[in-house]
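In the UniProt record's numbering, the protein residues as written are 1 to 399.
We put the CB at the ideal spot given by N, CA and C, even for glycine.
Computed from a predicted model, the values in this text were never measured in an experiment.
The structure appears right after this line, and notes come after that.
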Amino acid sequence: MGWRPGTWFTALPLCAARPITTAQCQAGPEGSAGMGRGRRALISRSREQAGSKPQHRARGSEQVSGIAVPVAVLRCEPTSLSPGPPAGRRHLPLSRRRREMSSNKEQRSAVFVILFALITILILYSSNSANEVFHYGSLRGRSRRPVNLKKWSITDGYVPILGNKTLPSRCHQCVIVSSSSHLLGTKLGPEIEQAECTIRMNDAPTTGYSADVGNKTTYRVVAHSSVFRVLRRPQEFVNRTPETVFIFWGPPSKMQKPQGSLVRVIQRAGLAFPNMEAYAVSPGRMRQFDDLFRGETGKDREKSHSWLSTGWFTMVIAVELCDHVHVYGMVPPNYCSQRPRLQRMPYHYYEPKGPDECVTYIQNEHSRKGNHHRFITEKRVFSSWAQLYGITFSHPSWT
Numbered sequence: 001m002g003w004r005p006g007t008w009f010t011a012l013p014l015c016a017a018r019p020i021t022t023a024q025c026q027a028g029p030e031g032s033a034g035m036g037r038g039r040r041a042l043i044s045r046s047r048e049q050a051g052s053k054p055q056h057r058a059r060g061s062e063q064v065s066g067i068a069v070p071v072a073v074l075r076c077e078p079t080s081l082s083p084g085p086p087a088g089r090r091h092l093p094l095s096r097r098r099r100e101m102s103s104n105k106e107q108r109s110a111v112f113v114i115l116f117a118l119i120t121i122l123i124l125y126s127s128n129s130a131n132e133v134f135h136y137g138s139l140r141g142r143s144r145r146p147v148n149l150k151k152w153s154i155t156d157g158y159v160p161i162l163g164n165k166t167l168p169s170r171c172h173q174c175v176i177v178s179s180s181s182h183l184l185g186t187k188l189g190p191e192i193e194q195a196e197c198t199i200r201m202n203d204a205p206t207t208g209y210s211a212d213v214g215n216k217t218t219y220r221v222v223a224h225s226s227v228f229r230v231l232r233r234p235q236e237f238v239n240r241t242p243e244t245v246f247i248f249w250g251p252p253s254k255m256q257k258p259q260g261s262l263v264r265v266i267q268r269a270g271l272a273f274p275n276m277e278a279y280a281v282s283p284g285r286m287r288q289f290d291d292l293f294r295g296e297t298g299k300d301r302e303k304s305h306s307w308l309s310t311g312w313f314t315m316v317i318a319v320e321l322c323d324h325v326h327v328y329g330m331v332p333p334n335y336c337s338q339r340p341r342l343q344r345m346p347y348h349y350y351e352p353k354g355p356d357e358c359v360t361y362i363q364n365e366h367s368r369k370g371n372h373h374r375f376i377t378e379k380r381v382f383s384s385w386a387q388l389y390g391i392t393f394s395h396p397s398w399t
C-alpha cells in the first residue's frame, strides 16, 4: 500500500513537535498546514507490512515500526505527557529557581525600603515647612505680626521650681537695668529705685554700684550658665533683696538632665532660703522664644549657630509683664559701627578689666563656627518693638 505525501498518520503520537509548536502538533492536519506553508511533516509508510524488502530510510528520517518518519515529527512528544514549557523558556533547576525567587524578593524589599524612606523624608520636610509657615516663616518684611507678646500666657510659660505659686504679674511701669558699663557714673540709682518693678540680669550686683544702678530688684532673669555664680553669693542675690523673683532659663537638656540637674540645685538652694521664689522657663515657652527669633529675623536659631542672649529673654519677659518698659544702658544696634574706637567700654560694669563691649558684639555677630549670641541682630528687633510695645531706651538714647 503506497503512501501519499501530505497524509497525516494519526497513529503516531504527535505533539509539541520542534520546530512546530505544541498547539500546531495537537491541531492535526489543519494545524500542520498552518505551520508555515511548505513545512508539513511527511510520513513514509511501509509498502508492505509483511514480507517486504529491506526498507531504506530517506535522509533526514527515522524508522518507527516500519514507517519512515521525518526527524522533525519524531521530536514531538506524546500527548499523554505534560506539555513542555512555552517557546523561549526552559526548565530551570529547583535551586536556581529558588535563588531567583529570593533575588526577586530582595529587589522588592529594597524598592519598598527606598519608597518608605522617600515618603518619610517628604513628610518630615512638609511638617517642618508647615510649622515655619504657621508660626512666623512668612512674616519677614511684614509690618503686622500674628502674635502679640502681651497676650502670651504667663501661667503656661513659667514653671515654679519652689512651691506652687504662679509668676506674679502685672507691673504698669518696669525698668530693665542692663549690665553695660555705660551706667557707670550716671547716678541713676535714685531714679531706678522709683520704678514700680526693676528687672536685672544674671549675676550683675548692686553692692558697690547702687549710686548708678540702684538696689531694688523685682525680677532677676538668670541664664543656665550663670546659676552657680548667682547661688554662690546668696548674701548678694538672695538675702539682700528677699522680694526678688528669680526666672531661670535654659534648654531642657541643661535644666533637667539626669545628673547635675540645675533644677535640683536651685531646689536645694530654696531649702536654705525658704523665702526664695524661683521659676523656670518651660520647654514649650523656650520653643516659642526660638520661633519668635526666626519670625523676627528670618534666621533659624539652630541652623545659624546662634544662642539667644539673656537680654532677649529679659526683653520678652518685660513686655509680657509690664505695660511700659524703660531700658537703661543698652546701646542701639548701630552704635559700634558709628562711634570712634578710641574709648574702651567694658562689656560689664562690674568687670572693669573684662572684654570690650563693641569687640564682643561684633565678634559674636559675625562668627560662624560654634554658637554665639547675635547681639546686634537682637537689638535691631528691639528697635522695631519700641513703638509697638512702648519701650524706651536711655543712657544712651536710641533716638
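Nearest by alpha-carbon distance to VAL213: which of TRP398, LEU231, SER181 is it? Taking the sequence shown and counting its residues from 1, the one referred to as residue 213 is at position 213. The shortest C-alpha separation from VAL213 is found at SER181.
Once you ignore the five residues that flank GLU30 on each side, which residues in its own chain have a CB closer than 7 angstroms to its CB? The residue given as residue 30 occupies position 30 in the sequence shown. Note that GLU30 scores 45 on pLDDT, short of 50, meaning its location in the model is unreliable and no value can be drawn from it.
For the beta strand (DSSP E) holding GLU277, just list the boundary residues, first then last. Here residue 277 corresponds to residue number 277 of the sequence shown, with the count starting at 1. Residues 277-281.
Would you call PRO355 buried or exposed, if buried means 16 or more other Cβ atoms sit within 10 Å of its Cβ? Residue numbering aside, residue 355 sits at position 355 when the sequence shown is read from its first letter. Counting Cβ neighbours within 10 Å, PRO355 comes out exposed, since fewer than 16 surround it.
The segment 324-337 touching the segment 171-178, judged by at least three CB pairs closer than 8 angstroms: yes
Using DSSP with H/G/I as helix, E/B as strand and the rest coil, what is TYR389? In the sequence shown, counting from the first residue as 1, residue 389 sits at position 389. Looking at TYR389 - three-state DSSP - the assignment turns out to be helix.
I'd like to confirm the pairing. Which residues does DSSP put opposite CYS171 in its beta bridges? By one-based count along the sequence shown, residue 171 stands at place 171. Note: CYS171 sits in a beta bridge opposite CYS322.
Residue nearest to CYS171 in terms of C-alpha spacing, selected from TYR209, LEU292, VAL227, THR198: Translated into the one-based positions of the sequence shown, residue 171 becomes position 171. The option with the nearest alpha carbon to CYS171 is THR198.
Quick one: residues in its chain with C-beta nearer than 6 angstroms to the C-beta of GLU277, no 5 flanking neighbours on either side, listed in chain order? As a position in the sequence shown, residue 277 is number 277, starting the count at 1. So the qualifying residues of the chain are VAL245.
One or two residues paired with THR346 in a DSSP bridge: Your numbering for residue 346 matches position 346 in the sequence shown. Checking the sequence, you will find Pro at residue 346 rather than Thr. Answer by DSSP bridge pairing, in chain order: ASP356.
Is PRO146 helix, strand or coil when you go by DSSP? On the sequence shown, residue 146 is found 146 positions in, with the first residue counted as 1. Here PRO146 scores only 47 on pLDDT, less than 50, and its place in the model should not be relied on; the value that follows carries that caveat. DSSP places PRO146 in coil when its eight states are reduced to three.
On the three-state DSSP scale, how would you describe TRP312? For the purposes of this step, residue 312 is identified with residue 312 of the sequence shown, where counting begins at 1. Looking at TRP312 - three-state DSSP - the assignment turns out to be helix.
Could you give the residue range of the beta strand (DSSP E) that holds MET255? Numbered from 1 along the sequence shown, position 255 holds the residue referred to as residue 255. According to the DSSP assignment, MET255 belongs to no beta strand (DSSP E) but to the alpha helix (DSSP H) extending over 252-255.
What's the call for THR166, buried or exposed, on a 16-neighbour Cβ count within 10 Å? Start at 1 with the first residue of the sequence shown, and residue 166 comes out as number 166. With fewer than 16 Cβ atoms within 10 Å of its Cβ, THR166 is classed as exposed.
Less than 8 angstroms between the CB atoms is what I'm expecting for TYR219 and ILE247, so what's the real figure, rounded? Stepping through the sequence shown from its first residue, residue 219 is reached at position 219. Stepping through the sequence shown from its first residue, residue 247 is reached at position 247. Taking a contact as a CB-CB distance under 8 angstroms, the pair TYR219 and ILE247 counts as one, their CB atoms being some 6 angstroms apart.
From this set, ALA211, ASP203, TRP398, which residue's C-alpha is nearest GLU191's C-alpha? Sequence index remark: in the sequence shown, residue 191 carries index 191 (1-based). Ranking ALA211, ASP203, TRP398 by CA distance to the CA of GLU191 puts ALA211 first.
Using C-beta distances below 7 angstroms, list every residue in its chain close to ILE123, excluding the 5 sequence neighbours before and after it, in chain order. Position 123 of the sequence shown holds residue 123. Confidence at ILE123 is low in this model, with a pLDDT of 43, below 50, so its placement is unreliable and the value that follows should be read with caution. The answer is none, since no qualifying residue turns up.
To the nearest angstrom, how far is the alpha carbon of THR314 from that of SER109? For the purposes of this step, residue 314 is identified with residue 314 of the sequence shown, where counting begins at 1. For the purposes of this step, residue 109 is identified with residue 109 of the sequence shown, where counting begins at 1. The straight-line gap from Cα to Cα measures roughly 54 angstroms.
Under 8 angstroms between the Cβ atoms of HIS373 and TRP307? As a first step, residue 373 is located in the sequence shown; it is residue number 373 there, counting from the start. As a first step, residue 307 is located in the sequence shown; it is residue number 307 there, counting from the start. Their beta carbons are under 8 angstroms apart, which means HIS373 touches TRP307 by this criterion.
Tell whether a beta-carbon distance below 8 angstroms holds between ALA204 and TYR361. Counting from one through the sequence shown, the residue named residue 204 turns up at place 204. Counting from one through the sequence shown, the residue named residue 361 turns up at place 361. No, the Cβ-Cβ distance between ALA204 and TYR361 is not below 8 angstroms.
Can you name the residues that DSSP bridges to PHE246? By one-based count along the sequence shown, residue 246 stands at place 246. Its beta-bridge partners are ARG220, ALA278.
Would you please state the rounded distance, in angstroms, between the beta carbons of MET152 and GLU378? I believe it to be under 8 angstroms. Taking the sequence shown and counting its residues from 1, the one referred to as residue 152 is at position 152. Taking the sequence shown and counting its residues from 1, the one referred to as residue 378 is at position 378. One detail in the question is off: residue 152 reads as Trp in this sequence, not Met. So it is not a contact: roughly 18 angstroms between Cβ atoms.
Expressed to the nearest angstrom, what Euclidean distance is found between the alpha-carbon atoms of TYR279 and PRO333? On the sequence shown, position 279 is the one that residue 279 refers to. On the sequence shown, position 333 is the one that residue 333 refers to. Each residue's alpha carbon lies about 30 angstroms from the other.
Residue from ILE266, ASP156, VAL238 with nearest C-alpha to SER282: For the purposes of this step, residue 282 is taken as the residue at position 282 of the sequence shown. For SER282, the nearest C-alpha among the options comes from ASP156.
C-beta contact flag for VAL263 and PHE289 at 8 angstroms: Walking along the sequence shown from the start, residue 263 turns up at place 263. Walking along the sequence shown from the start, residue 289 turns up at place 289. Result no, Cβ atoms of VAL263 and PHE289 do not sit closer than 8 angstroms.
Quick one: Cα of MET286 to Cα of SER103, how far? The count along the sequence shown starts at 1 and reaches residue 286 at position 286. The count along the sequence shown starts at 1 and reaches residue 103 at position 103. MET286 and SER103 have their alpha carbons spaced roughly 51 angstroms apart.
Would DSSP call THR7 helix, strand or coil? Position 7 of the sequence shown holds residue 7. Confidence at THR7 is low in this model, with a pLDDT of 41, below 50, so the placement of that residue should be treated as unreliable; the coordinate-derived value is given next. It is coil, neither helix nor strand.
Return the chain-ordered list of same chain residues with a C-beta closer than 8 angstroms to the C-beta of ASN164, the five sequence neighbours on each side being excluded. Along the sequence shown, one-based indexing puts residue 164 at 164. Closer than 8 angstroms at Cβ, skipping near neighbours: no residue.
Can you give me the Cβ contacts of ASN275 inside the same chain, cut-off strictly under 6 angstroms, excluding the 5 residues immediately before and after it? To locate residue 275, count along the sequence shown from 1; it is residue 275. Excluding residues within five positions, the ones whose Cβ falls inside 6 angstroms are PRO242.
Limits of the unbroken beta strand (DSSP E) element including ARG200: Along the sequence shown, read from residue 1 onward, the residue named residue 200 stands at position 200. Unbroken beta strand (DSSP E) run through ARG200: 197-201.
Cβ pair GLY185, ALA223 closer than 8 angstroms: One-based indexing of the sequence shown puts residue 185 at position 185. One-based indexing of the sequence shown puts residue 223 at position 223. Not closer than 8 angstroms, so no.
PRO83, buried or exposed, once every other Cβ within 10 Å from all chains shown has been counted against 16: As a first step, residue 83 must be located in the sequence shown, where it is residue number 83. No answer about PRO83 holds up, because its pLDDT of 48 lies below 50 and its placement is not dependable.
Cutoff 7 angstroms; reference PRO168; Cβ partners in own chain excluding five residues on either side: On the sequence shown, residue 168 is found 168 positions in, with the first residue counted as 1. VAL245, listed in sequence order.
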